[in-house]
Each structure stands twice: as structure tokens, then as C-alpha cells.
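Residue numbers for the sequence shown follow the numbering used here, beginning at 34 and rising by one.
In this text, a Cβ means the ideal position worked out from N, Cα and C, and glycines have one as well.
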Amino acid sequence: MTKNPTYLDHNATTPLRATALNAVMSVLSEVGNPSSIHSFGRRARKHIETARQQIADSLDVSSGQVFFNSGATEGNNTILKGFSGQRILMSAIEHSSAIDCTVSRNLVPVTVDGVVDLNAFEQMAHDIRPALVSIMLVNNETGVIQPIAETSRIAKSVGALVHCDAVQAYGRIPFTREELGVDFLTLSSHKIGGPQGVGAIITSPGITLPKLLEGGGQERRSRAGTENTAGITGFGAAAAEASSKISDFQKLGLFRDKIEEQILKSPSVKIYGQNGPRVANTTFCTINRVSGETLLMAFDIEGIAISSGSACSSGTVKPSHVLRAIGDAMGINTGHSLASLRISLGHTTTEKDIEHFIKVWNTIGTRLLKD
Ligand code: PMP
Numbered sequence: 034m035t036k037n038p039t040y041l042d043h044n045a046t047t048p049l050r051a052t053a054l055n056a057v058m059s060v061l062s063e064v065g066n067p068s069s070i071h072s073f074g075r076r077a078r079k080h081i082e083t084a085r086q087q088i089a090d091s092l093d094v095s096s097g098q099v100f101f102n103s104g105a106t107e108g109n110n111t112i113l114k115g116f117s118g119q120r121i122l123m124s125a126i127e128h129s130s131a132i133d134c135t136v137s138r139n140l141v142p143v144t145v146d147g148v149v150d151l152n153a154f155e156q157m158a159h160d161i162r163p164a165l166v167s168i169m170l171v172n173n174e175t176g177v178i179q180p181i182a183e184t185s186r187i188a189k190s191v192g193a194l195v196h197c198d199a200v201q202a203y204g205r206i207p208f209t210r211e212e213l214g215v216d217f218l219t220l221s222s223h224k225i226g227g228p229q230g231v232g233a234i235i236t237s238p239g240i241t242l243p244k245l246l247e248g249g250g251q252e253r254r255s256r257a258g259t260e261n262t263a264g265i266t267g268f269g270a271a272a273a274e275a276s277s278k279i280s281d282f283q284k285l286g287l288f289r290d291k292i293e294e295q296i297l298k299s300p301s302v303k304i305y306g307q308n309g310p311r312v313a314n315t316t317f318c319t320i321n322r323v324s325g326e327t328l329l330m331a332f333d334i335e336g337i338a339i340s341s342g343s344a345c346s347s348g349t350v351k352p353s354h355v356l357r358a359i360g361d362a363m364g365i366n367t368g369h370s371l372a373s374l375r376i377s378l379g380h381t382t383t384e385k386d387i388e389h390f391i392k393v394w395n396t397i398g399t400r401l402l403k404d
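Following this line, the structure appears as C-alpha cells:
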């Protein structure tokens, strides 16, 4: 690996926070199944309940509304499969872990700014009368913030329950479950500086969580399987820190703007969602007439990690479903001659990283981005 690499792929995963690492390491060195009634088990249980309270506090819910699992892919599958066979209305830009796990769904289009089209949503909600509405709070590719309070209000007016994938919003913009008016929220630990392989679903009071895994009474009989005690403890520590430092995250907007000012000097670059409400850390752009893979490799050789969009769909040369959905609104075919790049900053990003990126962009630009 290049000396002093620059990591600008925080939407894929963000480095572990020191507090989370310490929490994980100390619990990993202990023994105890949290379901055991002896003192070792009770100590493990205590770690989990501390983390549950930390997450509950960060979203202004009670600890009984927090259910741990293995991450947001499981969270999204739990909710969407729980409604299988019933009508589901979701946006066309949901994460693949939501969009790919149900067939009984209708997709709401987005506007040219990558925001769910509220008029279309309202019309479809009245026509379809869904049992569940599922719309993410922040899109993982564009960083665009979705109008969840409005979509929830419309969903409730037609009697639907509401699910929201809040993975890319948690720790980045302030919100509570109640403000969003949702019944199920999915969260992932590794997007906020906790360990990978841990997540949670937050429910509204009195709502029963659908069951994905059977065969054990863990998580108040909702999710079978021995809990990942160390991971959950790290998630709790990361949640407490990230939610107390949202204002630091928002300062990343200054770095993001510097990058955008620079890359927009090339007329072949288009930034998506720039006119919509966005989280502070994400730039998603397309570049005409170059290959995304060539660009990513050129950056990688220079020690800069960025992505061609969602990490879960990269490795394919097709444009992502998010880009296609925005392209549909713009009336353009995003399938040809377009490379897409996602640059996402995070809690470890420094001024030096931005300078490094801009320097490499300019070098690569003179080679690859000439019009
Ligand atoms: N939803 C969104 C919006 C995401 O960005 C991701 C991670 N790429 C997931 C769900 C899946 O989360 P996990 O990695 O915890 O399974």
C-alpha cells in the first residue's frame, strides 16, 4: 500500500473509533454468554444492556425499542420479508439489501435532485394502499436526505406502517424516531465508527418486530442467536460518541465543497444531488467518456480510496440503480460513457486528505479528463 494513504470511502465503512476499539477489546477478553444466569453471563448481559441504553438515548427512545442484529442487511431483510406477500411501497433508490429482498413492491421515482418525488409518492400511496412504506433517510450513493416526516404522514393517512433505513443518516444529521414518524428504523454500527457485523432495529412503542431468525429467545424472543457481545458493546460506544459529535461531522461540508469546487472545473463532471438537501460528507458525480474502473485504479495507485458508487454494487460495470433512477428523472440514459465516482468523507478526514485528493485529481485530470 502507498505510504500515507487517503481513505475517502466512509459511506462503505468508516474507521473504528478508539472508544469503540477499546470497548470491543475489553469485552473480547472476557467470557460469558449473555443468556447464562451465572455471574459471567450476567456481566455479558450488562454490556449489552449498557449499549442498548446508549443507542436508545441517541434516538430518544426507550431501551425496550432497541433490537440488536448483525447489521442493516439483516435489519432490512427482517422488516421487508416480514411483510412478504403484502403490498410494499418503496423508493427506487433504496439500498440493495432492501430493494432485492421483496418482489411485492412498487417503486416510487425520484426527482432530478435524487429526492423521492412526493407527488408521485402520494398518488401511489392512495392507489396501492400499501401495508408497508420503506424509504431511506439518506441515500448511500448521493448523500441526499429524503423527506421522511412527509412520507410518513402520507403513509399513515393510508394506514401503512413505515420502515426507514437510517444507516447513512445516523450520527450525521440529528433526528429521532418520533420526528421521522416511523415504526421501524434500521441502523448499522460500521457506518458510525463501530465494528462491522452489528446493527439494530428501532421500533415504535407497541409494535411487534417481524422475526427473521428462529430457534432462540434472544432479543426478547425477536431475534434468535447468541448476541455479538463485543460488537454490540463497540456499537454502543460508537453511537454515544458519534451522536455527541454530529456538529463535527457537519463541518465536513467545508472539505466537501473544496473538492466539488475543484472537480467541477472539468466540464465533463456532473455532481448529483448538489441542489438537494445532502449530508455533509458525500459527493457523487459522473464523468463523461472515461471508464470508472480506470479512474478508481488511477486513484488507488496514488493511495486514494474512493468508490464507484455503492460498495455493495461495485465490481459491476453497470450504472447503479440509483444513478439510473436519477437519469430517468433527467430523461438521460446513464448506461453509456459515464463513469460514476463517490467520494465520502468521515470522522478521520483531515485537510491533508483533501489536499492529497485535489493534487491527484489534477494530475489524473490532465491525463484522463481532458475534453
Ligand atoms: N443500507 C444502507 C443505506 C447502506 O449504506 C448499507 C451499507 N452499505 C446497508 C444498508 C447494509 O448495511 P450492513 O453493511 O450493516 O449490512
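Notebook entry, point to check: For S353, does the count of other Cβ atoms within 10 angstroms reach 16, so buried, or fall short, so exposed?
Noted result: The residue in question, S353, is buried, as its Cβ has 16 or more Cβ neighbours within 10 Å.
Item checked: Paired residues, beta bridge with F100 - DSSP -> Note: F100 sits in a beta bridge opposite I234.
Next item on the list: Leaving out five residues on either side along the sequence, give the residues of the same chain with a beta carbon under 6 Å from the beta carbon of E335.
Entry: These residues qualify, in order along the chain: V393.
Check: The alpha helix (DSSP H) with T23 in it runs from where to where?
Finding: Residue numbering for the chain in the displayed model covers 34 to 404; residue 23 lies beyond these limits and cannot be assessed.
Note to self: Below 8 Å, is the gap between the Cβ of E252 and the nearest heavy atom of ligand 1?
What the structure shows: E252 has its Cβ no nearer than 8 Å to any heavy atom of ligand 1.
Notebook entry, point to check: Among the residues of its own chain, which have a CB less than 8 Å from the CB of G248, if the five just before and after it don't count?
Noted result: Here G248 has A257, G258 as same chain residues with Cβ atoms under 8 Å from its own Cβ, once five neighbours each way along the sequence are excluded.
Margin query: Between the alpha carbons of G104 and Q156, how many angstroms are there, rounded?
Written below: G104 and Q156: Cα-Cα distance of roughly 33 Å.
Checklist line | Residue range of the unbroken beta strand (DSSP E) whose run includes K244 | finding: No beta strand (DSSP E) holds K244; DSSP gives it neither H nor E.
Margin query: On the CB-based measure, 16 or more other CB atoms within 10 Å of its CB, does V60 come out buried or exposed?
Written below: So V60 ends up on the buried side.
Margin query: Taking the straight line between their C-alpha atoms, what separation do you get for L285 and A313?
Written below: C-alpha separation (whole angstroms): 6 Å.
Notebook entry, point to check: How long is the line joining the alpha carbons of T52 and I225, rounded to whole angstroms?
Noted result: Roughly 12 Å between the two C-alpha positions.
Notebook entry, point to check: Going straight from the alpha carbon of I235 to that of G108, what length do you get?
Noted result: Distance between the alpha carbons of I235 and G108: 10 Å.
Item checked: Nearest candidate by alpha-carbon position, reference G97, set V141, L242, L371 -> Ranked by how close their Cα comes to the Cα of G97, the residues V141, L242, L371 have L242 in first place.
Notebook entry, point to check: With a cut-off of 8 Å, do at least 3 Cβ pairs link the region 176-193 to the region 319-329?
Noted result: By the criterion of at least three beta-carbon pairs nearer than 8 Å, the region 176-193 is not in contact with the region 319-329.
Next item on the list: Please go through the same chain and pick out, in chain order, the residues whose beta-carbon is closer than 7 Å to the beta-carbon of S347, but skip the five residues on each side of it.
Entry: Residue confidence for S347 is low, a pLDDT of 49 falling below 50, so the modelled location carries little weight and cannot support an answer.
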